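Working notes, structure below.
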Amino acid sequence: MRLIRTLLCAAALGFVAASASAADPKDGAEYLTLPEAQNTDAGNKVEVTEFFAYYCPHCNRFEPLLAAWVKKQGANIVFKRVHVSNGAGVEPQQRLFYTLEALGLLDQYHEKVFAAMHVERLRLGTDQAVMDWAVKSGIDRAKFTEAWNSFGVQAKLRRASAMMSSYRIDQWPMVAVGGRYMTSPSRAGEANPAAQTEEQMQVYALQVMDYLVAKAKVEKK
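Just so we're on the same page, the working numbering is the position in the sequence shown counted from 1, plus 515.
In structure tokens form, the structure reads like this:
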């Protein structure tokens, strides 16, 4: 499955259409500028933050393309993820994300959570369901439970809610660049009639993100 996702990713990133060029995306169309820039801690690099949810099918489909884009950007950016809150049924998934992050296991298990929900069709909508999945997936129960209940994870949940408010997040996936510019596959794609499929909308959004990273980098100087 990983090989298939990698091949699809490479094919999509190779998608080029003159009519889908993001050489000059427009504020208010392909992207939005926040009224107030948010503080970032990326130093001389550009901070890129994805707001996402594990249950979201669009986030799941965007993930491999986004991961490849982040890898291509390399040291040019500091990449972060914020798992959004969206009611009691999503909180266990959100807490799972921050627990994996606290344990240093996010790189190892992030894609596996998406697969559990969108391939295996596990809902992971309760604390117990998440705990059962984590233990079955090979994570030590005691360590997972300790991190799950920690003040650090609780603080990250509060921070996520605060960031959603500051960045005015009401849909996902959504990507913030430099603490100031916002774009997404849906926003970029709707501004480009040539992007007919969801995959093309995602690729176009990545092109817009290239533009925004370059723009934010210049503005840092």
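Here a beta-carbon is modelled for each residue, glycine too, at the ideal position from N, C-alpha and C. Predicted, not measured: the structure shown is a model, and the values here were computed from it.
Residue burial classification, residue i (beta-carbon count within 10 angstroms, cutoff 16)
i      : result
Glu578 : buried
Pro572 : exposed
Val733 : exposed
Phe741 : The structure shown does not extend to residue 741, since the chain is modelled only from 516 through 736, so no value can be given for it.
Gln669 : exposed
Leu721 : buried
Thr712 : exposed
Asn575 : buried
Leu522 : Caution applies to Leu522, whose pLDDT of 47 falls short of 50 and renders its modelled position unreliable; the value that the coordinates give is listed next. The residue in question, Leu522, is exposed, as its Cβ has fewer than 16 Cβ neighbours within 10 Å.
Ser534 : Its pLDDT being 40, under 50, Ser534 is placed unreliably by the model, and the measurement read from it follows with that caveat. Under this definition Ser534 is an exposed residue.
Gln737 : There is no way to answer for residue 737, as the model of the chain reaches only from 516 to 736.
Ala526 : Model confidence at Ala526 stands at a pLDDT of 47, short of 50, so the residue's coordinates are unreliable; what they give is reported in the following sentence. Counting Cβ neighbours within 10 Å, Ala526 comes out exposed, since fewer than 16 surround it.
Val634 : exposed
C-beta contact flag for residue i and residue j at 9 Å
i      : j      : result
Leu672 : Tyr696 : no
Thr564 : Val599 : no
Asn559 : Lys735 : yes
Ala568 : Trp687 : yes
Thr555 : Gly704 : no
Val718 : Thr698 : no
Ala706 : Ala590 : no
For residue j and residue i, believed in contact at Cβ under 8 Å, the rounded distance
i      : j      : result
Val628 : Leu611 : 7 Å
Gly640 : Pro607 : 6 Å
Trp648 : Thr614 : Trp648 to Thr614, Cβ: 12 Å. No contact.
Gln588 : Ser681 : Contact doesn't hold; Cβ gap of about 23 Å is too wide.
Asp539 : Thr548 : In fact, because the Cβ distance is near 15 Å, the residues do not count as touching under 8 Å.
Simplified DSSP assignment, three categories, for residue i
i      : result
Asp642 : helix
Tyr719 : helix
Asp542 : strand
Thr712 : coil
Glu562 : strand
Leu547 : strand
Val728 : helix
Val597 : strand
Mind listing, in chain order, the continuous alpha helix (DSSP H) runs of no fewer than 4 residues lying wholly within the segment 620-701?
621-633, 642-651, 656-663, 666-681
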